[in-house]
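Number of protein chains: 2
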Amino acid sequence: MRETSPTRGAGISDQLLEGILRGSRPHLARAISLVEDGAGEAVRLLSHVYKRRRMASVVGVTGSPGVGKSTIVNGLVGEFRSLGRSVGVIAVDPTSPFSGGAILGDRVRLRTHTTDDMVYWRSLATRGHLGGLSRHTGDVIALMDAYGFDEIVVETVGAGQSEVDIMKYAETVVVVLAPNLGDDVQAIKAGILEIGDVFCLNKADLPGAERTRRDIEMMLNLREESGWRPPIVMTQAHTGEGLSELVNAVNSHREYLVSSGLLEQKARQSHLAILNEYLSLLTVEKVLESAQVDGSLERALKDLSSGNSDPLTCASELVKRHLT
Amino acid sequence: MRETSPTRGAGISDQLLEGILRGSRPHLARAISLVEDGAGEAVRLLSHVYKRRRMASVVGVTGSPGVGKSTIVNGLVGEFRSLGRSVGVIAVDPTSPFSGGAILGDRVRLRTHTTDDMVYWRSLATRGHLGGLSRHTGDVIALMDAYGFDEIVVETVGAGQSEVDIMKYAETVVVVLAPNLGDDVQAIKAGILEIGDVFCLNKADLPGAERTRRDIEMMLNLREESGWRPPIVMTQAHTGEGLSELVNAVNSHREYLVSSGLLEQKARQSHLAILNEYLSLLTVEKVLESAQVDGSLERALKDLSSGNSDPLTCASELVKRHLT
Numbered sequence: 004m005r006e007t008s009p010t011r012g013a014g015i016s017d018q019l020l021e022g023i024l025r026g027s028r029p030h031l032a033r034a035i036s037l038v039e040d041g042a043g044e045a046v047r048l049l050s051h052v053y054k055r056r057r058m059a060s061v062v063g064v065t066g067s068p069g070v071g072k073s074t075i076v077n078g079l080v081g082e083f084r085s086l087g088r089s090v091g092v093i094a095v096d097p098t099s100p101f102s103g104g105a106i107l108g109d110r111v112r113l114r115t116h117t118t119d120d121m122v123y124w125r126s127l128a129t130r131g132h133l134g135g136l137s138r139h140t141g142d143v144i145a146l147m148d149a150y151g152f153d154e155i156v157v158e159t160v161g162a163g164q165s166e167v168d169i170m171k172y173a174e175t176v177v178v179v180l181a182p183n184l185g186d187d188v189q190a191i192k193a194g195i196l197e198i199g200d201v202f203c204l205n206k207a208d209l210p211g212a213e214r215t216r217r218d219i220e221m222m223l224n225l226r227e228e229s230g231w232r233p234p235i236v237m238t239q240a241h242t243g244e245g246l247s248e249l250v251n252a253v254n255s256h257r258e259y260l261v262s263s264g265l266l267e268q269k270a271r272q273s274h275l276a277i278l279n280e281y282l283s284l285l286t287v288e289k290v291l292e293s294a295q296v297d298g299s300l301e302r303a304l305k306d307l308s309s310g311n312s313d314p315l316t317c318a319s320e321l322v323k324r325h326l327t
Numbered sequence: 004m005r006e007t008s009p010t011r012g013a014g015i016s017d018q019l020l021e022g023i024l025r026g027s028r029p030h031l032a033r034a035i036s037l038v039e040d041g042a043g044e045a046v047r048l049l050s051h052v053y054k055r056r057r058m059a060s061v062v063g064v065t066g067s068p069g070v071g072k073s074t075i076v077n078g079l080v081g082e083f084r085s086l087g088r089s090v091g092v093i094a095v096d097p098t099s100p101f102s103g104g105a106i107l108g109d110r111v112r113l114r115t116h117t118t119d120d121m122v123y124w125r126s127l128a129t130r131g132h133l134g135g136l137s138r139h140t141g142d143v144i145a146l147m148d149a150y151g152f153d154e155i156v157v158e159t160v161g162a163g164q165s166e167v168d169i170m171k172y173a174e175t176v177v178v179v180l181a182p183n184l185g186d187d188v189q190a191i192k193a194g195i196l197e198i199g200d201v202f203c204l205n206k207a208d209l210p211g212a213e214r215t216r217r218d219i220e221m222m223l224n225l226r227e228e229s230g231w232r233p234p235i236v237m238t239q240a241h242t243g244e245g246l247s248e249l250v251n252a253v254n255s256h257r258e259y260l261v262s263s264g265l266l267e268q269k270a271r272q273s274h275l276a277i278l279n280e281y282l283s284l285l286t287v288e289k290v291l292e293s294a295q296v297d298g299s300l301e302r303a304l305k306d307l308s309s310g311n312s313d314p315l316t317c318a319s320e321l322v323k324r325h326l327t
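One line per chain: the protein sequences are A and H, in this order. Take 4 as the starting number for the first sequence in this note's numbering and just add one per residue. Take 4 as the starting number for the second sequence in this note's numbering and just add one per residue.
What follows is the structure, given as structure tokens:
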């Protein structure tokens, strides 16, 4: 299946939109790159893409380092494929503040299904942009949705605030845990325990798995009752053990969202997250950019440094000068 | 030493400022709580506090979960104390989006030096606030600085974008690593390797330590030459092994910052970070708040949900309506 490669020039956003809507992989890839680069053409493209969404299911997969998250995502993709569903995967990588790019490109990741036409992997950097935190995740989900994937899986490494934010785009959040990961991890676990709709206790063959399961049960008991009790699925991702149960749990959660009417709330949360990103783009980033150009940013920093002014006063002046 | 407890009422910010400047611990504690709560009184207080900074040294300590970061921070505090320096510690915890509070309060952390008058521990939540990401860290550093601590240590769990952002407030960033933490951790390491001024390879008695040290050396070789070659200090924090070398490395980095003139750049970076937080407060958060009040946020979310509009158009309209 040969595709016309998307080229630069007039009407690039129309061209890309058309390509994406008819399911051309090169057009999708090119569009994602444009969005990542913050290119001007991306803005016009996205304004159309957001009106052409098809309602893919978005699953977020998060968890501490070392729990086998990538293997779980691989397994999930396999299970979705065996159900005949096409899958787009977005892996959000920690960004190098130096290079500005994703540390782990798609190349160095061990991925299966790479020759499957119905699966598409993409790494995204959580850029160290002024005020803009992985803003692109929502846009890339929209692109993959308009392209027509049945399932979109968003995977994040780590458990900082950025991961919590990214999970706002997911209808179902799978938190992957492993037995006995040390004390520090307890904190991480606690931080992400409350965003999980499904818990996946991976490496369930390790000693201490049962104890960790009970710990999770106990923490879940502390959660407010909400009508959905997150199941804990024991997996051994490297053997495939428990993966179909995991997909069943994800599907049950979806059915619950639909039957309870909560799906709408999830969509609202995702729209709010993307709106937030665009508000930041139009305000904070715009102010910083103009203030850099006319030297008022430098003056503000000098005033802060000398103790002549305070951040609130400086920020107010910059907003007044550059936004109103 | 009895202190008058700071009370609510008129002039609370003046009262707190006065208390902080004369070194009253209850006033500092109360002020930090006000800032965390986003109380109105905090704004006025902070505008004065930022003009009364004393230039404490700020050390950031970050690293993946399970590497023994808390033990390292404990050890650092002990070393600083043995040099006669007072220390304020800010532990930035992952936040529960449900409770809005820090998961690990000061109480559940195992801390030494808790009865030492010259050491103060404080946990801060990285709140899941709309658009506001651990905004308070910079403010709390300013409070501790005005109070008069010689050293301020900021400790973060995890290695997401939020941690990278928080590290902008530190003059010296210590990245704590441990041998053989699995593949996922390589990504984290890569993400934080580039922000480290000093590397601390903890649990140096574990097998594989030497190999991990060589791996770090190799990755450091890939960094652009900048005049400072980050040292790798091998520690066994639970025995105290290597801790004084760690403090020496931190001090060497400071001397380098001063002699190279880079200290000013670091201060600039920190001022930019705090300015960024305040810009977000005055724009994104303000828009979202007013838009919630007059119903325009709800209308925007409805338009996004129905595909009648796109995020950029919605965000532009909200900014126009509520900021200009």
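Beta carbons: idealized from backbone N, C-alpha and C, even for Gly.
Quiz item: chain H beta carbons: is any one of them nearer than 8 Å to that of Ile277 of chain A?
Solution: Locating residue 277 of chain A in the first sequence gives position 274, where the first residue counts as 1. It does; some Cβ of chain H falls within 8 Å.
Practice problem: Give the straight-line distance between the Cα atoms of Glu220 of chain A and Val236 of chain A, rounded to the nearest whole angstrom. | Solution: Residue mapping note: residue 220 of chain A aligns to position 217 of the first sequence, counting from 1. Residue mapping note: residue 236 of chain A aligns to position 233 of the first sequence, counting from 1. Their Cα atoms are separated by approximately 12 Å.
Exercise. Quick one: grab the DSSP three-state call for Leu127 of chain H.
Key: As a working mapping, residue 127 of chain H is identified with position 124 in the second sequence. Collapsing the DSSP output to three states places Leu127 of chain H in a strand.
Quiz item: So, are the CB atoms of Leu146 of chain A and Ile15 of chain A less than 8 Å apart?
Solution: As a first step, residue 146 of chain A is located in the first sequence; it is residue number 143 there, counting from the start. As a first step, residue 15 of chain A is located in the first sequence; it is residue number 12 there, counting from the start. Going by C-beta atoms, Leu146 of chain A is not nearer than 8 Å to Ile15 of chain A.
Quiz prompt | Outcome for Glu301 of chain H when other beta-carbon atoms lying within 10 angstroms are tallied against a minimum of 16 | solution = For this step, residue 301 of chain H is matched to residue 298 along the second sequence. Classified as exposed, Glu301 of chain H has fewer than 16 neighbouring CB atoms from the shown chains inside 10 Å of its CB.
Quiz item: Between Gln18 of chain H and Val46 of chain H, what straight-line distance do the alpha-carbon atoms span, to the nearest angstrom?
Solution: The count along the second sequence starts at 1 and reaches residue 18 of chain H at position 15. The count along the second sequence starts at 1 and reaches residue 46 of chain H at position 43. Going by the C-alpha atoms only, they are around 14 Å apart.
Self-check item: Inter-residue Cα distance where the pair is Leu274 of chain A and Leu304 of chain H
Solution: Taking the first residue of the first sequence as 1, we reach residue 274 of chain A at position 271. Taking the first residue of the second sequence as 1, we reach residue 304 of chain H at position 301. One point to set straight first is that residue 274 of chain A is His, not Leu, in the sequence displayed. Cα-Cα distance, rounded: 6 Å.
Quiz item: In or out: Asn279 of chain A buried (at least 16 other Cβ within 10 Å) or exposed?
Solution: For the purposes of this step, residue 279 of chain A is taken as the residue at position 276 of the first sequence. Buried, because 16 or more other Cβ atoms sit within 10 Å of the Cβ of Asn279 of chain A.
Quiz prompt | Glu244 of chain A in three-state terms, based on DSSP | solution = The residue you call residue 244 of chain A lines up with position 241 of the first sequence. Shown here, Glu244 of chain A sits in a strand according to DSSP, grouped into three states.
Self-check item: 8 Å contact criterion, which Val178 of chain H and Thr65 of chain H should meet: CB distance rounded
Solution: Residue numbering aside, residue 178 of chain H sits at position 175 when the second sequence is read from its first letter. Residue numbering aside, residue 65 of chain H sits at position 62 when the second sequence is read from its first letter. 6 Å between Cβ atoms; contact.
Self-check item: Listed by chain order, chain A residues near Leu204 of chain H by CB distance under 8 Å
Solution: Within the second sequence, numbered from 1, the residue matching residue 204 of chain H stands at position 201. Under the 8 Å cutoff, chain A gives no residues; its nearest Cβ is about 16 Å from Leu204 of chain H.
Exercise. Can you pull the chain A residues whose beta carbon is under 8 Å from the beta carbon of Leu282 of chain H, in chain order?
Key: As a working note, residue 282 of chain H is residue 279 in the second sequence. Going along chain A in sequence order, the residues near Leu282 of chain H (Cβ under 8 Å) are Gly134, Thr286, Val287, Val290, Leu291, Ala318, Leu321 and Val322.
Quiz item: For Arg84 of chain H and chain A, any beta-carbon pair shorter than 8 Å?
Solution: Position 81 of the second sequence, counted from the first residue, corresponds to residue 84 of chain H. No - not a single Cβ of chain A is within 8 Å of the one on Arg84 of chain H.
Self-check item: Option in H:Leu282, H:Glu158, H:Gly245 and H:Ala173 with minimal Cα separation from Lys323 of chain A
Solution: Position 320 of the first sequence, counted from the first residue, corresponds to residue 323 of chain A. Comparing Cα-Cα distances from Lys323 of chain A to each of H:Leu282, H:Glu158, H:Gly245 and H:Ala173, the minimum goes to H:Leu282.
Quiz item: Under the three-state reduction of DSSP, which class applies to Ser262 of chain A: helix, strand or coil?
Solution: Within the first sequence, residue 262 of chain A is the residue found at index 259, counting from 1. In this structure, Ser262 of chain A counts as helix in the three-state DSSP scheme.
Quiz item: chain H beta carbons: is any one of them nearer than 8 Å to that of Pro233 of chain A?
Solution: Against the first sequence, residue 233 of chain A aligns to sequence position 230. Nearest CB-CB separation between Pro233 of chain A and chain H: not below the 8 Å threshold.
Quiz item: Three-state secondary structure (DSSP) at Gly81 of chain A?
Solution: Residue 81 of chain A sits at position 78 when you count from the first residue of the first sequence. In the three-state reduction of the DSSP assignment, Gly81 of chain A falls in the helix class.
Quiz prompt | Ile277 of chain H, DSSP secondary structure in three states | solution = One-based indexing of the second sequence puts residue 277 of chain H at position 274. Ile277 of chain H falls in the helix class under three-state DSSP.
Quiz item: Looking at the C-beta of Arg138 of chain H, does it have a partner C-beta in chain A at a distance below 8 Å?
Solution: Reading the second sequence from its first residue, position 135 is the one you call residue 138 of chain H. Proximity of Arg138 of chain H to chain A, defined by a Cβ-Cβ separation below 8 Å, is not satisfied.
Practice problem: Report the three-state DSSP secondary structure of Ser312 of chain H (helix, strand or coil). | Solution: Indexing the second sequence from 1 puts residue 312 of chain H at position 309. Secondary structure at Ser312 of chain H: coil, using DSSP grouped into helix, strand and coil.
Quiz item: Can you tell me whether DSSP reads Met222 of chain A as helix, strand or coil?
Solution: In the first sequence, residue 222 of chain A corresponds to position 219, counting from 1. Reduced to three states, the DSSP call for Met222 of chain A is helix.
Quiz item: Could you give the distance in angstroms between the alpha-carbon of Gly141 of chain A and the alpha-carbon of Asn251 of chain H?
Solution: Numbered from 1 along the first sequence, position 138 holds the residue referred to as residue 141 of chain A. Numbered from 1 along the second sequence, position 248 holds the residue referred to as residue 251 of chain H. Their backbone Cα atoms lie some 45 Å apart in a straight line.
Quiz item: Just curious, the alpha helix (DSSP H) that Leu19 of chain A is in, first and last residue?
Solution: Taking the first residue of the first sequence as position 1, residue 19 of chain A is located at position 16. For Leu19 of chain A, the enclosing alpha helix (DSSP H) begins and ends at Ile15 to Leu24.
Quiz prompt | CA-to-CA distance, Val92 of chain A to Arg57 of chain A, given in whole angstroms | solution = Walking along the first sequence from the start, residue 57 of chain A turns up at place 54. Walking along the first sequence from the start, residue 92 of chain A turns up at place 89. Across the structure, Arg57 of chain A and Val92 of chain A are spaced so that their CA atoms are roughly 16 Å apart.
Exercise. For Val250 of chain H, verify whether its CB is less than 7 Å away from any heavy atom of the ligand GTP.
Key: You won't find the ligand GTP in this model; it holds no ligand whatsoever.
Quiz prompt | Residue burial classification, Glu158 of chain A (beta-carbon count within 10 angstroms, cutoff 16) | solution = By one-based count along the first sequence, residue 158 of chain A stands at place 155. Buried, by the Cβ-count rule.
Practice problem: Could you tell me whether any Cβ in chain A is nearer than 8 Å to the Cβ of Ala240 of chain H? | Solution: Start at 1 with the first residue of the second sequence, and residue 240 of chain H comes out as number 237. The beta carbon of Ala240 of chain H sits no closer than 8 Å to any beta carbon of chain A.
Quiz item: In chain order, what residues of the same chain lie with their CB nearer than 7 Å to the CB of Ser34 of chain H, ignoring the 5 residues before and after it?
Solution: One-based indexing of the second sequence puts residue 34 of chain H at position 31. Reading the sequence as shown, one finds Ala at residue 34 of chain H and not Ser. Result list for Ala34 of chain H: Leu19, Ile23, Leu48 and Leu146, in chain order.
Quiz item: What did DSSP end up calling Met1 of chain A once you bin it into helix, strand or coil?
Solution: Shown here, chain A extends from 4 to 327; a query on residue 1 of chain A therefore has no answer.
Self-check item: One or two residues paired with Phe202 of chain H in a DSSP bridge
Solution: As a first step, residue 202 of chain H must be located in the second sequence, where it is residue number 199. Phe202 of chain H pairs with H:Val178 and H:Ile235.
Quiz item: Counting contacts by CB-CB distance shorter than 8 Å, is Val143 of chain H in contact with chain A?
Solution: Your numbering for residue 143 of chain H matches position 140 in the second sequence. Output row for Val143 of chain H: interface = no.
Quiz item: Between A:Phe83, A:Glu248, A:Leu86 and A:Arg232, which lies nearest to Gln328 of chain A when the distance is taken from Cα to Cα?
Solution: The structure shown has nothing for residue 328 of chain A, since chain A only spans 4 to 327.
Self-check item: Simplified DSSP assignment, three categories, for Gly43 of chain A
Solution: Counting from 1 along the first sequence, the entry for residue 43 of chain A is found at position 40. When DSSP states are grouped into helix, strand and coil, Gly43 of chain A belongs to the helix group.
Quiz item: So, is the C-beta of Thr215 of chain H closer than 8 Å to a C-beta in chain A?
Solution: Taking the first residue of the second sequence as 1, we reach residue 215 of chain H at position 212. Under the 8 Å criterion on CB atoms, Thr215 of chain H is classed as non-interfacial with respect to chain A.
Exercise. Report the rounded CA-to-CA distance for Asp120 of chain A versus Cys203 of chain A, giving the unit in angstroms.
Key: Sequence index remark: in the first sequence, residue 120 of chain A carries index 117 (1-based). Sequence index remark: in the first sequence, residue 203 of chain A carries index 200 (1-based). A straight-line Cα-Cα distance of about 28 Å links Asp120 of chain A and Cys203 of chain A.
Exercise. Select from A:Glu244, A:Asp313, A:Leu86 and A:Ala128 the residue whose C-alpha is nearest the C-alpha of Val122 of chain A.
Key: Taking the first sequence and counting its residues from 1, one reaches residue 122 of chain A at position 119. Comparing alpha-carbon positions, the option among A:Glu244, A:Asp313, A:Leu86 and A:Ala128 lying closest to Val122 of chain A turns out to be A:Leu86.
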